[in-house]
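First to last, the protein sequences are chains A and B.
Just so you know, we're using the working numbering here: the first sequence kicks off at 1 and counts up by one.
Just so you know, we're using the working numbering here: the second sequence kicks off at 1001 and counts up by one.
Glycine is no exception: its CB is placed at the ideal position from the N, C-alpha and C atoms.
Take a look at the structure below.
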Amino acid sequence: MPKIVFDQVSKSYGSVQVLQPLDLELNDSEFTVLVGPSGCGKSTTLRMLAGLETITSGEIYFDGKPIGHLEPKQRDIAMVFQDYALYPHMNIAQNMSFALRLAKVDKSEIDTRVKRVATMLHIDHLLGRKPAELSGGQRQRVAMGRAMVRDAGTFLFDEPLSNLDAKLRAKMRTELAEMRNQIDKNMVYVTHDQVEAMTLGDRIVVMSDGVIQQQGTPEELYKTPRNRFVAGFIGSPTMNFMDGELTEQEGALWVRGDGYLLPVAAEAAARLASHGTREVAIGLRPSSITNVINGGAPVELQIVVSEYLGAQSVLATRCGSNELLVEVASAVPIQHGTTQTFEVNTEEMMIFDRETGLRL
Amino acid sequence: MKLARANRLTPYVFMAPAAVIMVIALLYPLGYMVYGSFRAWDPSQNISETEFVGLKNYITLWFDPSFRESLGVTLKFAISVVAVEMVLGVGLALLLDRNIRGMSILRTLFILPMMIAPVVVGLMWRYMYHPTVGTFNRFLKSIGLDGVDWLGQHALLSVIIADIWQWTPFIFILTLAALQSLPQSALEAAKIDGAGGWQQIWHIKLPLMMPVLIVTCLLRLIDAFKVLEVILVMTEGGPGLSTEILALRISRTATEFRELGVAAAMSNYLLMLLLLLTVAMFAFNKIQTARAARLRAAVQEED
C-alpha cells in the first residue's frame, strides 16, 4: 500500500502534448477518483501509473522509489479494465487465477482464494464457464474478482462501470462503495461520470484538457469549486451560468444581467471588493432556486418545459435570454408556458471571473 | 403473384453468368477427368474411341511402387515444409509485431518471395545450388569447406528449403494480421497479471490465434500438395524419383508415358486427398461457428 507521488509527469504523442506536467499525491488507503470529460487525460494518467504507457517526462514514486522505468508486473498493481479484458479462452476460474498461477502460488492456496472472492462477488456458480457465456454484469464481476484475488498494493479501475446499463451501473456502484470500505488498499478510479466520482471517492481529482483543475473531497468540490469548469462538472443537474455585471447601489453590491438583478451576499461581497473586475458570470445550482416565496431575492422565470422525475421536477426556464434549470418539489403543480416568480438563495450563488473562469 | 415469383428468381438470374462459367471452366473439365480415369486412353485417341476399363487404372496405381514412392515424397515434402514454415512464419510474426521505425518496409521485404513467379524462384535456386558456379558452393569453398551436392544427394532437402523460402511469408502475413487484431486489453491485462514476454505468447497470444493458425496451416498443406513449377525447374523430379512429387508424376504420366487414363486416376487420388483437407477446414470453421452460436444462446437464456 504505497504512497504514490506524481512529480511533474507529462505525456506527449509526437508533438501533441496530451498531459501537461502534473503533480499528484495519492495517499495510502485512499480511494481517489480521477474524473473529467473524455480526452482530458485521466485514462492516460492511470495507464502511466499502471506501466502500460511510458512517461514522457517527470517521474512517479511509490513510497519514494521511482517506478517510471518498471514493467507493470513489478509495480504490485491490479487493474480492472473498461471492456473487462477477460481472457476469452480461459474459464472464469482460470481467468481469476491467472496471475496467481504465473506467480507459482500453491494450488490449494489459489483454490481457496478464488473461491473466497467468487463467493464474495456471487460468481461462484460460474467458475467453470467461459467469458462468452456470461452476461455483461457477470463479466464485470469477474474482472473485479480477477483483480481482487491478487493481494496487490494498489488497485486501478479504468471506467469499470461504463459498459453496463444504467440500472446495473447503479447497483455495481453501491457494491463497489461497500467493497471500498472492506478493502484497505490504495484505489485509483477513473470515470467520466461525476455521480460515480461523488459517491465513491474519498478524494476527487477533476481533470480537463490534460490539466488538473481541482482536487479535494466531494463536498469541497461541490461547495467551493475553484473555477467554472469544476462548478459545472460536479453536481446534477448541472449548475446554471449567466453573464452579469457587478453594480453598487445604496452601498450594497448587486449583480445585474439579462432579466435579473440579484444582491451579492455580504461574505462574497467582501471578497469581491479586492477584485477590480466588473464583468462576471454567476453560477446558480438548480437547487438554489425555489418556488417557495419566503422574502428572499426574487427572479421572474418563464417556464419552458417541466420534467417530472417523481418527488422532484426539473424545470427548464428562461430568464431573459438565459436558460436556467430549476429543481423544485413536485408537490406544487407547475404549468409550462407561464411566467412565475422564483426565489434565489443568494448565499449559494457563486461568482466567476468571466475572463479567467476562476471563482471570485 | 407473378411479381413475387419474378422477385424470387432475381438472385438466380444474377448468379447465372457465374454459374455458366463455373460449369464450363470447372465442372466440365473435372467431369471429363473423372470420366477419363475409367478408360485406357492414349493421347492420339479421341476419348470416344477409348476402351472402358473400370477401376483398373486406380487399382494399378495403388500397387504401383513408383506411384507410392511419389506419394511418399509428396507427403514428406508437404508435411516438412508446412511444419517448418509454420514455426518460422509464426516466430517472425511474433518478432516483428511491434512499432519501430522502418517496420513497414521490413514487412514488405519479408513478403517479397511470395510475389515472385514460381518458375523464376526455381531458376534462381537452381543457379544458387549449382555444384560449381552456384552461390552456396562458391561461398563454402571460399571459406575452405567442401561443396555440397545440393540437387543431387540432398535434392529433396534443397527443394524443401526453396519452398520454405518462398512460402514462409504467407504464414507470416496471416499470423501478423491475426496478432494485430488480438484484443489489446487482454494483453495489457496479462502484463498487469505479471506475464512476461514468453508467457504472454504461450498463454494468451497463441491460444487466441489458434483458429487462424489452423486454417492457415490447412491452406498451406493444400497448396504444398499441389506444388509443381519450382521442383520441375530445379530437379525435374530427379535424381531418380527422389523429388518426384505427385503433380510432376501426373504430368509425366500424361506426356511421357502417354497414359492419359492413369494420369487422370492419379489426379483423382490427389483430388481426394485435397478434398479431405478442405472438408477438414470447413468442418473446423463450422464447429467454431456452432460453438459461438451456442455460447450466445446460453447467454441470452441467462439474461
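(request) Taking only beta carbons into account, state which residues of the stretch 49–78 of chain A come closer than 8 Å to chain B, listed in chain order. (result) Along the stretch 49–78 of chain A, going in chain order, the ones with a CB nearer than 8 Å to a CB of chain B are A50, G51, L52, E71, P72, K73, I77 and A78.
(message) At 4 residues or longer, what runs of the alpha helix (DSSP H) sit wholly inside the stretch 113–172 of chain A?
(response) Counting only runs of 4 or more, we get 136–148.
(message) Can you find the residues in the same chain that come closer than 8 Å, C-beta to C-beta, to B:H1154, ignoring five residues on each side of it along the sequence?
(response) V1148.
(request) Report back the beta-carbon spacing between A:A264 and A:I289 to the nearest angstrom; my notes put them in contact at under 8 Å. (result) Per the sequence shown, residue 264 of chain A should be read as Val rather than Ala. In this structure A:V264 is not in contact with A:I289, their Cβ atoms being roughly 16 Å apart against a cut-off of 8 Å.
(message) Tell me the DSSP secondary structure of A:P66 in three-state form.
(response) The answer is strand: DSSP assigns A:P66 an E or B state.
(message) Is it buried or exposed, B:S1037, if we count other Cβ atoms within 10 angstroms and call 16 or more buried?
(response) Buried: at least 16 other Cβ atoms inside 10 Å.
(message) So if I threshold CB-CB distances at 8 Å, which residues from the stretch 1175–1192 of chain B count as touching chain A?
(response) Listed by position, the residues of the stretch 1175–1192 of chain B near chain A (Cβ gap below 8 Å) are P1183, S1185, A1186, E1188, A1189, A1190, K1191 and I1192.
(request) From the DSSP output, read off the bridge partner residues of A:P298. (result) Beta-bridge pairing links A:P298 to A:E343.
(request) Compute the Euclidean distance between the alpha carbons of A:P286 and A:Y13, then round it to the nearest angstrom. (result) It is roughly 40 Å from the alpha-carbon of A:P286 to the alpha-carbon of A:Y13.
(request) Give the secondary structure of A:R226 by DSSP, where H, G and I count as helix, E and B as strand, and everything else as coil. (result) Here A:R226 sits in coil by DSSP.
(message) Give me the DSSP bridge partner(s) of A:W254.
(response) A:T247 and A:P263.
(request) Please state if the CB of B:I1204 and the CB of A:M79 are separated by a distance shorter than 8 Å. (result) No; because the gap between Cβ atoms is not below 8 Å, this pair is not in contact.
(request) Closer than 8 Å by beta-carbon distance: list the chain B residues that pair up with A:P88, in chain order. (result) In chain order, P1183, A1186 and L1208 make up the part of chain B whose C-beta sits under 8 Å from the C-beta of A:P88.
(request) Round the Cβ separation of A:A369 and A:V33 to the nearest angstrom and send it over; I've been treating them as touching at under 8 Å. (result) There is simply no residue 369 of chain A to check, as chain A begins at 1 and stops at 360 in what is shown.
(request) Step through the CB atoms of chain A and report whether any lies within less than 8 Å of the CB of B:I1201. (result) With a threshold of 8 Å between beta carbons, B:I1201 makes no contact with chain A.
(message) On the CB-based measure, 16 or more other CB atoms within 10 Å of its CB, does A:D151 come out buried or exposed?
(response) Per the 10 Å Cβ criterion, exposed.
(message) For a quick check, are the C-beta atoms of B:F1172 and B:I1111 less than 8 Å apart?
(response) Pairing B:F1172 with B:I1111 gives a Cβ-Cβ distance under 8 Å.
(message) Please return the same chain residues whose Cβ sits closer than 6 Å to the Cβ of A:S321, not counting the five positions on each side in sequence.
(response) The beta carbon of A:S321 sits closer than 6 Å to the beta carbons of D258 from its chain, once the five residues preceding and following it are set aside; these are given in chain order.
(message) Using the Cβ count rule (16 or more neighbours within 10 Å means buried), how would you classify A:R75?
(response) Label assigned to A:R75: buried.
(request) Indicate whether at least one CB of chain A lies closer than 8 Å to the CB of B:A1155. (result) Cβ-Cβ to chain A under 8 Å: no for B:A1155.
(message) I need the DSSP call for B:L1241, collapsed to helix, strand or coil.
(response) In this structure, DSSP gives B:L1241 a state outside helix and strand, which the three-state scheme calls coil.
(message) Taking 8 Å as the cut-off, does the stretch 43–63 of chain A touch the stretch 1150–1167 of chain B (at least 3 CB pairs, one atom from each stretch)?
(response) Segments in contact, no.
(request) Pull up the CB-CB distance for B:L1061 and B:A1265, whole angstroms please, since I reckon it's below 8 Å. (result) About 6 Å; that satisfies the 8 Å criterion.
(request) Could you list which residues in chain B have their beta carbon closer than 7 Å to that of A:D83, in chain order? (result) Neighbours of A:D83 on chain B, chain order: S1185.
(request) Report the rounded CA-to-CA distance for B:L1096 versus B:P1113, giving the unit in angstroms. (result) Computed Cα separation, rounded: 17 Å.
(request) Alpha carbon to alpha carbon, how far is B:M1103 from B:Q1180? Give it in angstroms, no decimals. (result) Each residue's Cα considered, the two are about 14 Å apart.
(message) If you measure between the beta carbons of A:A85 and B:E1188, is that distance less than 8 Å?
(response) In this structure, A:A85 places its C-beta atom within 8 Å of the C-beta atom of B:E1188.
(request) For the beta strand (DSSP E) holding A:V5, just list the boundary residues, first then last. (result) Run containing A:V5: I4 to Y13, per the beta strand (DSSP E) assignment.
(request) Could you tell me which chain A residues have their CB closer than 7 Å to the CB of B:L1305, listed as they occur along the chain? (result) The requested residue 1305 of chain B is not part of the displayed model; chain B covers only 1001 to 1303.
(request) Compare the beta carbon distance of B:T1243 and B:V1084 with 8 Å and say whether it is the shorter of the two. (result) Not a contact, by the Cβ cut-off of 8 Å.
(message) Quick check: the stretch 1281–1288 of chain B against the stretch 1209–1219 of chain B, are at least 3 beta-carbon pairs closer than 8 Å?
(response) A contact exists between the stretch 1209–1219 of chain B and the stretch 1281–1288 of chain B.
(request) Closer than 7 Å by beta-carbon distance: list the chain A residues that pair up with B:G1194, in chain order. (result) Under the 7 Å cutoff, chain A gives K73, A99, L102 and A103.
(request) Starting from B:L1295, find everything on chain A with Cβ-Cβ shorter than 8 Å and list it in chain order. (result) Per Cβ cutoff of 8 Å: K130, A132 and E133.
(message) Once the 5 residues before and after B:V1233 are set aside, which same chain residues still bring their CB inside 7 Å of it?
(response) Cβ neighbours of B:V1233 beyond the five flanking positions: V1119, G1122, L1123 and R1126.
(message) Could you check whether the Cβ of B:I1204 sits closer than 8 Å to any Cβ belonging to chain A?
(response) For B:I1204, a Cβ of chain A is located within less than 8 Å of the residue's own Cβ.
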